[in-house]
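Numbering follows the numbering used here, in which position 158 of the sequence shown is assigned residue number 199; successive positions increment by one, without gaps.
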Amino acid sequence: MYTSASLEAGVTVITSAIITVALAQSRAPAFHIEMISLLALTVAALALEHQVPQRLDVLVSKKRQAPSQGLALGTLIIPWVTSALSAKYARQGTPTSAAKCSIKCLHHSLASSVYILASLCITAWVTAPAEEPEEKKRSFTARRWEKMRMKKLTTLLQRGLLHGILSSVLAVINGPFCIFTGVAYGRFVKYVHNTFTLGESIVVVQGIGLVAQILFLECTIDRHMVLSWHSLFTATVLLAAVALGLVFATVLMLRENVNTTIHSSILVVITLFVAMYAYEPIVQDLLINFIYSEVQRIQVVTCWAVLLAVTLPSMLLLSRSGRIPNIILRKGYHVLAVALFLPALLTQPQLLGIALACAFAVLVAVEVLRTGNIPGVSQYIDNFMGSFVDERDAGVVYVTHFTLLLGMALPVWLSIATMKENYSHDNSNKLLSSSNIWPAALAGILAIGLGDAAASIVGSRFGRVQIAPKSRKTLEGTLAGAGVVILAWVGLAYYQFIPEMQSIFDDSSSGSINWVVLGAVTLLNSLLEAATEQLDNLFVPLHYFALLICLFK
42 MYTSASLEAG VTVITSAIIT VALAQSRAPA FHIEMISLLA LTVAALALEH QVPQRLDVLV
102 SKKRQAPSQG LALGTLIIPW VTSALSAKYA RQGTPTSAAK CSIKCLHHSL ASSVYILASL
162 CITAWVTAPA EEPEEKKRSF TARRWEKMRM KKLTTLLQRG LLHGILSSVL AVINGPFCIF
222 TGVAYGRFVK YVHNTFTLGE SIVVVQGIGL VAQILFLECT IDRHMVLSWH SLFTATVLLA
282 AVALGLVFAT VLMLRENVNT TIHSSILVVI TLFVAMYAYE PIVQDLLINF IYSEVQRIQV
342 VTCWAVLLAV TLPSMLLLSR SGRIPNIILR KGYHVLAVAL FLPALLTQPQ LLGIALACAF
402 AVLVAVEVLR TGNIPGVSQY IDNFMGSFVD ERDAGVVYVT HFTLLLGMAL PVWLSIATMK
462 ENYSHDNSNK LLSSSNIWPA ALAGILAIGL GDAAASIVGS RFGRVQIAPK SRKTLEGTLA
522 GAGVVILAWV GLAYYQFIPE MQSIFDDSSS GSINWVVLGA VTLLNSLLEA ATEQLDNLFV
582 PLHYFALLIC LFK
């Protein structure tokens with residue numbers, strides 16, 4: 042009898058196979074080691090997660106409890122994205138700065154995944170429980186067979202680690218970042234309690250490491266890689282927001298030691314004021330001038346303000362009334378995000394990328410205020426946000442609103458960062474027509490904003506057939522989610538919101554997407570959303586983003 046974990050493992054294997062085929066079709070000899078590394082990493086991660094789960098119990102006592110710790114998915118999700126991007130640039134055959142950066146990020150993601158997986162393997166084996174008396178009573182044949190199985194598993198893991206190490210040797214500059222990521226992961230797992238699983242922690246730490254690496258390459262080594270200020274501003278704001286969160290983590294530890302509300306409140310207020318003072322010149326000189334440079338940008342920002350001013354109080358009133366189920370009410374935020382982001386992506390993608398980074402920084406600041414025990418402020422924020430949380434927000438930090446924003450923003454940021462205009466003096470907004478990568482920018486908006494919302498609503502109201510035993514997800518909801526995403530693609534193609542869209546979706550055109558294949562990868566993505574117990578708002582968009590990139594010929 043299959044389970045949700047086995048279904049997730051099946052999706053993982055299929056996705057790794059698709060990404061590997063994409064690397065093979067790029068016809069770049071340099072990717073042979075990366076292909077082997079990705080496959081070996083897949084096997085090793087699945088083996089560690091599903092063959093020896095009892096050895097991981099000592100590692101998850103302070104992690105968010107879930108049926109699966111998502112090691113395989115967390116280890117592979119960022120290598121999938123970087124592999125797909127590298128394969129796409131290799132197929133184009135033009136050695137651009139974006140292509141070189143994507144290859145460096147691929148090497149870093151593979152090496153850091155291997156480093157983290159090796160650390161977990163060592164920890165699991167070193168901290169393995171002593172042999173129980175019942176184990177000693179087992180027959181000699183049974184114990185010998187078990188030793189043979191463990192020996193084969195160890196050999197398999199060693200091969201996976203060996204191939205991963207080979208990939209890290211390809212780029213010596215990634216060594217410090219690989220070690221930094223591994224060490225940071227160990228500290229992150231130790232101090233962030235009941236918030237992330239092991240796999241989710243891998244994605245968070247790897248993502249921070251990749252952003253830091255891109256900024257490092259931009260500022261020091263790759264002088265030829267001249268990113269636009271939009272992408273640099275976005276990356277800088279993200280790192281600043283993360284730094285604010287790290288400072289606040291220190292504040293939390295000080296609060297536990299001091300154990301007084303007044304001291305912690307003062308520390309929180311000082312932290313926020315310092316952050317606001319540091320960013321005031323940037324906001325005034327760059328952001329405001331950028332918005333007021335075009336009338337359309339002013340119109341987009343005005344529409345955002347009006348929409349938020351109307352919907353947020355309405356959502357709070359509906360939540361307090363209790364007339365609408367909480368799961369449906371929470372999906373209303375998904376629909377709101379689509380209304381906010383989709384028109385902006387089609388008209389002002391650069392503005393949207395900057396706005397999403399600023400929104401992430403604001404969410405970090407709000408979370409700092411919520412958990413800072415500030416009289417009259419923290420309780421009000423907690424009451425508002427507490428109406429829309431679920432069981433995944435059992436830790437100190439509420440993570441679902443962060444993952445919803447990041448799930449829709451990451452494909453947009455990645456697409457903007459890799460568009461051709463970002464590496465020239467032409468700061469045109471033609472993201473969606475400048476490169477065939479543009480459909481992937483919609484991955485989060487469609488998969489989470491529409492697909493996940495439709496799956497939850499249909500599944501909760503009409504679902505009868507479970508997608509797996511003991512699973513809350515239903516077959517009806519999964520099919521509904523995939524169907525809504527396909528209908529969204531059909532609508533975008535039919536109304537031709539983008540001039541090049543019809544040719545991209547015309548199967549007779551060069552570089553087109555086959556509708557049957559598009560439907561297949563959309564269904565695969567919906568199956569991942571139904572099977573995984575991880576933060577689907579984070580994993581599902583990145584998974585769909587990588588698959589969409591691989592569709593291009």
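The beta-carbon is built from N, C-alpha and C at its ideal position, and this holds for glycine as well.
**Report entry** H466, DSSP secondary structure in three states
**Finding:** Confidence at H466 is low in this model, with a pLDDT of 42, below 50, so the placement of that residue should be treated as unreliable; the coordinate-derived value is given next. In the structure shown, H466 sits in coil (DSSP, three-state: anything other than H, G, I, E or B).
Query - With 16 other Cβ atoms within 10 Å as the buried cut-off, status of P366 - result: exposed
Requested in this report: Compute the distance between the beta-carbons of L491 and V525, then report whether it is under 8 Å.
Outcome: yes
Query raised in the report: Between the beta-carbon of A484 and the beta-carbon of G518, is there less than 8 Å?
Result: no
Query raised in the report: What residue range is occupied by the uninterrupted alpha helix (DSSP H) comprising P582?
Result: D577 to C591
Query - Where T563 sits in the DSSP three-state scheme - result: helix
Requested in this report: Give a yes or no on whether the C-beta atoms belonging to F48 and A509 are separated by under 8 Å.
Outcome: A quick correction: the sequence has Leu, not Phe, at residue 48. Contact: yes.
Report task. Tell me whether T515 sits in a helix, a strand or coil according to DSSP, three-state version. Result -> strand
Query - Best match in V558, A400, S143 and L82 for proximity to C162 [C-alpha to C-alpha] - result: L82
Requested in this report: Evaluate the contact criterion for the segment 395–413 versus the segment 449–459: three or more CB pairs, one atom per stretch, below 8 Å.
Outcome: yes
**Report entry** Cβ shell of Q575 (< 8 Å), same chain only, five flanking positions each side left out
**Finding:** A107, S109, G111, L114, G115, T238, G240 and E241
Query raised in the report: Does the beta-carbon of Q391 have 16 or more other beta-carbons within 10 angstroms, so that it is buried, or is it exposed?
Result: buried
**Report entry** For Q389, the three-state DSSP class (helix, strand or coil)
**Finding:** coil
Query raised in the report: With a CB to CB cut of under 6 Å and the five nearest residues on each side skipped, what residues in its chain are close to A571?
Result: I508, K514 and T519
Report task. Could you give the DSSP three-state label for Q507: helix, strand or coil? Result -> strand
**Report entry** L588 vs I59 beta-carbon contact at 8 Å
**Finding:** yes
Query - Buried versus exposed, by CB contacts within 10 Å (16 or more), N555 - result: exposed
**Report entry** Through-space distance from L393 to S489, alpha-carbon basis
**Finding:** First, the residue type needs correcting, since residue 489 is Ile and not Ser in the sequence shown. Straight-line Cα distance between these residues: approximately 17 Å.
Query raised in the report: Could you give the residue range of the alpha helix (DSSP H) that holds D423?
Result: S419 to M426
**Report entry** Sequence-distant residues of the same chain with beta carbon closer than 6 Å to S127, five excluded per side
**Finding:** S143, I144 and L147
Query raised in the report: On the three-state DSSP scale, how would you describe G522?
Result: helix
Query raised in the report: Is I486 buried or exposed, if buried means 16 or more other CB atoms sit within 10 Å of its CB?
Result: buried
Query raised in the report: So H584 packs on L569, CB below 8 Å; how close in whole Å?
Result: 6 Å
**Report entry** A521 versus V52: straight-line alpha-carbon distance, rounded
**Finding:** 19 Å
Query raised in the report: If you check the beta carbons only, do I249 and K372 fall under 8 Å apart?
Result: no
Query raised in the report: Nearest-angstrom Cα distance between P480 and C591?
Result: 11 Å
Report task. Indicate the three-state DSSP secondary structure (helix, strand or coil) for R502 in the structure shown. Result -> helix
**Report entry** CB contact flag (A385, V341, <8 Å)
**Finding:** yes
Query raised in the report: Can you tell which of T123, L158, Y421 and Y43 has its C-alpha closest to the C-alpha of E75?
Result: T123
Query raised in the report: Using CA coordinates, which residue listed in G504, F443 and V155 is at the minimum distance from L404?
Result: F443
Query raised in the report: Going by the CB atoms, is the gap between S154 and I368 shorter than 8 Å?
Result: no
Query raised in the report: When the cut-off is 8 Å and only beta carbons count, does A346 lie next to chain D?
Result: No chain D appears in the structure shown, which is made up of a single protein chain.
Query raised in the report: Apart from the five residues just before and just after F331, which ones in its own chain have a Cβ nearer than 6 Å to its Cβ?
Result: none
Report task. With a threshold of 16 other CB atoms inside 10 Å of the CB of R338, please say whether the residue is buried or exposed. Result -> buried
Requested in this report: Specify the secondary structure class of S209 as computed by DSSP and reduced to three states.
Outcome: Confidence at S209 is low in this model, with a pLDDT of 47, below 50, so the placement of that residue is unreliable and no value is reported for it.
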